[in-house]
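Below you'll find the structure, written out as structure tokens, and then a few comments.
Numbering (our numbering), first residue to last: 947 to 1519.
Next up, the structure:
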């Protein structure tokens, strides 16, 4: 066989880009979940690829691309048989094998986001292996390995169904069997917003995925040595970008109308929804079709996330079910509508009739049913043997510490504390780690404070305000004659009644927001002047302007000089 350097390099470059999608998924999932589970998320995304690689090598590749039958390939441990019937022109076996391996790993990694923050790591490793061993390869054989769907003319260019919907269905079934995270739903059944801890990570992950998608879709031409392939690759690149960009625009406008403000996390999800949806037909539709499909994906992603969160109450922290499952299926079906006939059978809008569309629908339904049945069996076996869900105490503490012994993934950084509990009235469990029982603890005896004779009245003014107003407050206090103050970063907890905010379509009722606490002790400066000055500087008329607290102070002692009272407040030598 004569090999083509350009085709082989193109396939290997695509494999490298698709591999780097693991980094994108890691960042995206970690950002949309809580800090206490970051290490667990990163570990899962690493092991998806590391477990999937040998599993696909041992059995998956042969099952998917073997010449067995329309339903099943063959068992070929270590890829020893002849695959010349399936190899792209000029591409050697092992280049094609690694290209398909990274696609398999992508399908497996989709599941981790939907089942994040409450799944046992051991169970995760097992079902990830099952996806790579036989779930993904069998449906992949139907679509890409010469199976019965391929023979019917089913078109899924780069994997909207073969990769993404398969992962999305596994995620749907797994999240449903697991149940929601502790504290996700109140006693009234309404969902609570559990904010992701690092939107910067999530955004970086989406941009990495978008960049790598050009390899995911573009390199699926598996060749660049003819004019036809070159033109097709250009079309694939353009349509891939178009659908994602238009989906973002559609979601931005739709959430702006729906929630009153454009939703950041939902708009980033829309980019992925557009990328997933266009993957099946990126070679078959024109730019207009890609743009229209992008609008559809941008609206559907919002409605799908709300549906799973609010109606069927399946807790999906990152929106993986909606992005990969719903938009993967929808994109495959819409290919049967918008295909212009340039590289496939024409779609419904281009005079192709209902045959092609019917084949697309048939493929989506049969693959979804097959995957749902098999993964349900896998999950139920795990649930009734080693257990699928982490213990409640471990979930509340975070899977980083309970599953991996990792105290935090952010040593040296302060993170927003997690205060969710199982019920509205429940308290977070108290863990006693000391040696002395509470009943035997020695009570603290309070001693009266020493107040020097002739001490002038000292008053502490404590101001809680927005970080953005700190500099203005400091300047105003300096003009008032106050030169010493203590500033601390704190978190304020409160509900903005009458002006709700939304996170991924769910109203944020009570949340912790960054605030600044300014402590000032005054003596000769009138307290009322401090209060009125602070009110004037901090007032905006919006909820969250802050509060001012006033306390009596018994005494002040300057450590360096030993001065007390009013003298201790003076910084002049």
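From the three backbone atoms N, C-alpha and C, an ideal C-beta is built for every residue, glycine too.
**OP:** Identify, in the order they occur along the chain, each residue of the same chain with its Cβ nearer than 6 Å to the Cβ of residue 1193, setting aside the five sequence neighbours on each side.
**Re:** Only 1216, 1219, 1220, 1240, 1243, 1244 meet the Cβ criterion.
Original post:
At a cut of 8 Å, does the stretch 1077 to 1090 reach the stretch 1001 to 1009 through at least three beta carbon pairs?
Top reply: The answer is yes - the stretch 1001 to 1009 touches the stretch 1077 to 1090, with three or more Cβ pairs under 8 Å.
Original post:
Do the stretch 970 to 978 and the stretch 1144 to 1163 touch if we need at least three Cβ pairs shorter than 8 Å?
Top reply: Judged by Cβ distances under 8 Å, the stretch 970 to 978 makes contact with the stretch 1144 to 1163, as three or more pairs qualify.
Subject >> Among 1035, 1039, 1122, 1058, nearest to residue 1024 - alpha-carbon criterion >> reply: Among 1035, 1039, 1122, 1058, the Cα nearest to that of residue 1024 belongs to 1039.
**OP:** List the endpoints of the continuous beta strand (DSSP E) containing residue 1492.
**Re:** That run of the beta strand (DSSP E) goes 1492 to 1499.
Original post:
Where residue 951 and residue 1048 are concerned, what is the direct C-alpha to C-alpha distance, given to the nearest angstrom?
Top reply: Straight-line Cα distance between these residues: approximately 21 Å.
Original post:
Between 1261, 1204, 1249, 1275, which lies nearest to residue 1225 when the distance is taken from Cα to Cα?
Top reply: Taking only the C-alpha atoms, the option nearest residue 1225 is 1275.
Original post:
Does the beta-carbon distance from residue 1341 to residue 1063 come in below 8 Å?
Top reply: The answer is yes: Cβ separation under 8 Å.
Subject >> Where residue 1471 sits in the DSSP three-state scheme >> reply: Residue state, collapsed to three classes: coil.
Subject >> As assigned by DSSP and simplified to three states, the class of residue 1449 >> reply: Note: residue 1449 maps to strand in three-state DSSP.
**OP:** Confirm, please, whether the CB-CB distance from residue 1262 to residue 1253 is below 8 Å.
**Re:** Not closer than 8 Å, so no.
**OP:** Measure from the C-beta of residue 1323 to each C-beta in chain C and report whether the shortest distance is under 8 Å.
**Re:** Absence of chain C from the displayed structure is noted, only one protein chain being present.
Original post:
Just curious, the beta strand (DSSP E) that residue 1409 is in, first and last residue?
Top reply: Here the beta strand (DSSP E) through residue 1409 covers 1404 to 1411.
Original post:
Counting pairs of beta carbons, one from the stretch 1107 to 1125 and one from the stretch 1168 to 1184, are three or more of them closer than 8 Å?
Top reply: No contact exists between the stretch 1107 to 1125 and the stretch 1168 to 1184.
Subject >> Exposure label - residue 1223; buried when at least 16 CB within 10 Å >> reply: Residue 1223 comes out buried.
**OP:** Tell me, to the nearest whole angstrom, how far the beta carbon of residue 1476 is from that of residue 1426; I am working on the premise that it is less than 8 Å.
**Re:** 7 Å between Cβ atoms; contact.
Subject >> Alpha-carbon to alpha-carbon, residue 1011 and residue 1044 >> reply: Distance from the CA of residue 1044 to the CA of residue 1011, rounded to the nearest whole angstrom, comes to 13 Å.
Original post:
Of all the options 1238, 1437, 1350, 1434, which has the alpha carbon lying nearest to the alpha carbon of residue 988?
Top reply: Closest in alpha carbon position to residue 988, among 1238, 1437, 1350, 1434, is 1350.
Original post:
With DSSP run on the structure shown, which of helix, strand or coil describes residue 1396?
Top reply: Confidence is the limiting factor: at residue 1396 the pLDDT is only 48, short of 50, which leaves the residue's position unreliable, though a coordinate-based value still follows. If DSSP states are grouped into helix, strand and coil, residue 1396 belongs with coil.
Original post:
What are the boundary residues of the alpha helix (DSSP H) that residue 1516 is part of?
Top reply: Unbroken run through residue 1516: none, as it is neither H nor E.
**OP:** Between the Cα of residue 1160 and those of 992, 1512, 1343, 967, spot the shortest distance and give me the residue it belongs to.
**Re:** Among 992, 1512, 1343, 967, the Cα nearest to that of residue 1160 is on 967.
Original post:
For residue 1110, does the three-state DSSP call read helix, strand or coil?
Top reply: Here residue 1110 sits in helix by DSSP.
Original post:
If we ignore side chains and look at the alpha-carbon of each, how far apart do residue 1454 and residue 1138 end up?
Top reply: Answer to the nearest angstrom: the Cα atoms are 7 Å apart.
**OP:** Return the CA-CA distance between residue 1183 and residue 1306, expressed in angstroms with no decimal places.
**Re:** Between residue 1183 and residue 1306, the C-alpha separation is close to 23 Å.
**OP:** Hey, could you find the ends of the alpha helix (DSSP H) residue 1181 is sitting in?
**Re:** Residue 1181 -> alpha helix (DSSP H) spans 1173 to 1205.
Original post:
Which residue's Cα is closest to the Cα of residue 1321: 1057, 992, 1155, 1512?
Top reply: For the options 1057, 992, 1155, 1512, the alpha carbon positioned closest to that of residue 1321 is the one of 1057.
**OP:** Evaluate the contact criterion for the stretch 1287 to 1294 versus the stretch 1119 to 1137: three or more CB pairs, one atom per stretch, below 8 Å.
**Re:** Contact check between the stretch 1287 to 1294 and the stretch 1119 to 1137: fewer than three CB pairs, one atom from each, fall below 8 Å, which does not count as touching.
**OP:** Tell me, to the nearest whole angstrom, how far the beta carbon of residue 1419 is from that of residue 1464; I am working on the premise that it is less than 8 Å.
**Re:** For a cut-off of 8 Å, the C-beta gap from residue 1419 to residue 1464 is around 6 Å, short enough to register as a contact.
Subject >> Reduced DSSP category for residue 1083 - H, G, I as helix; E, B as strand; rest coil >> reply: If DSSP states are grouped into helix, strand and coil, residue 1083 belongs with the helices.
Original post:
In the DSSP assignment, what are the bridge partners of residue 1466?
Top reply: Residue 1466 pairs with 1407.
Original post:
Is DSSP giving residue 1270 helix, strand or coil here?
Top reply: Helix, per DSSP.
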